[in-house]
Amino acid sequence: MSGLELFAAALGVIAVWLTVKQNPWCWPIGLVMVLLYSWIFFEVKLYSDMLLQVIYAALQIYGWWQWTRAGTMHDGREVTRLDQRSILQGLSAGAVGSLLLGAAMAHWTDAAQPWLDAALTGFSLVAQLWMAQKRLQCWALWFVLDVIFVGLFIYKGLYLTAALYGLFTLLAVQGWREWRADPALRT
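Using numbering that gives the first Met the number 0, read the sequence shown as starting at 0 and increasing by one per residue.
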């Protein structure tokens with residue numbers, strides 16, 4: 000565990016907690032966190048996760064805009080549910096992205112766990128996009144992914160990051176509860 004990992008983990012807790020509370024400051028804090036984690040994952044040869052963090056950086060900016068500027072009269076986005084078709088499309092995109100990235104990482108890099116890392120990356124992008132759009136189902140997908148991430152990070156010796164993702168798992172449950180109770184879903 001490094002000081003950098005400790006700082007990134009602390010920012011991660013703050014960012015996800017603010018996301019649960021629908022506070023738009025989750026996005027700039029998350030931006031700093033993902034940039035730090037891109038370096039951490041590079042150092043342990045989790046290249047798909049490193050690339051994921053770089054893409055997350057762009058999605059952090061997109062999410063901040065969505066939460067503060069999108070919607071009627073620029074009041075920001077409200078929590079909504081995805082329909083079955085949109086869920087299937089998102090999960091299909093995650094699967095295709097996982098297969099393509101996994102094949103590339105397995106063939107052209109010395110990545111540790113190229114297939115698992117790529118699958119987590121592909122589906123995390125779907126979850127992150129759904130979160131930026133305030134789709135309730137992001138939390139269910141995050142729950143599944145976070146549980147798997149915990150195992151991967153324990154395997155790679157990133158124990159603090161594994162603990163962070165364990166906390167993310169609990170925050171995903173809380174996010175599901177709070178967003179499901181959001182008044183916007185009752186209309």
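Where is the CB? At the ideal position from N, CA and C, for every residue including glycine.
Distance between beta carbons of residue j and residue i, contact taken as under 8 angstroms
i    : j    : result
T160 : A8   : 6 angstroms
V43  : K155 : 5 angstroms
W129 : G174 : Contact flag wrong, Cβ pair sits at about 11 angstroms.
D116 : D48  : 6 angstroms
P27  : W63  : 6 angstroms
Y164 : V149 : 5 angstroms
Q59  : V78  : About 19 angstroms separates the two Cβ atoms, so there is no contact after all.
L140 : F122 : 7 angstroms
R68  : L184 : Not confirmed; about 22 angstroms, so no contact.
Coarse secondary structure for residue i, derived from DSSP in three states
i    : result
T67  : helix
A9   : helix
Q112 : coil
S202 : This structure cannot settle anything about residue 202, because the visible part of the chain is limited to 0 through 186.
L45  : coil
L184 : helix
G156 : coil
W129 : helix
Q21  : coil
G174 : helix
S1   : coil
H73  : Note that H73 has pLDDT 48, beneath the 50 cutoff, so the model's placement of it is unreliable and the number below is only indicative. Of the three classes helix, strand and coil, the one that applies to H73 here is helix, per DSSP.
Paired residues, beta bridge with residue i - DSSP
i   : result
T79 : R134
ask   = With a cut-off of 8 angstroms, do at least 3 Cβ pairs link the stretch 96 to 104 to the stretch 78 to 88?
value = no
query = Would the stretch 135 to 142 and the stretch 102 to 120 be scored as touching if the rule is three or more Cβ pairs under 8 angstroms?
reply = no
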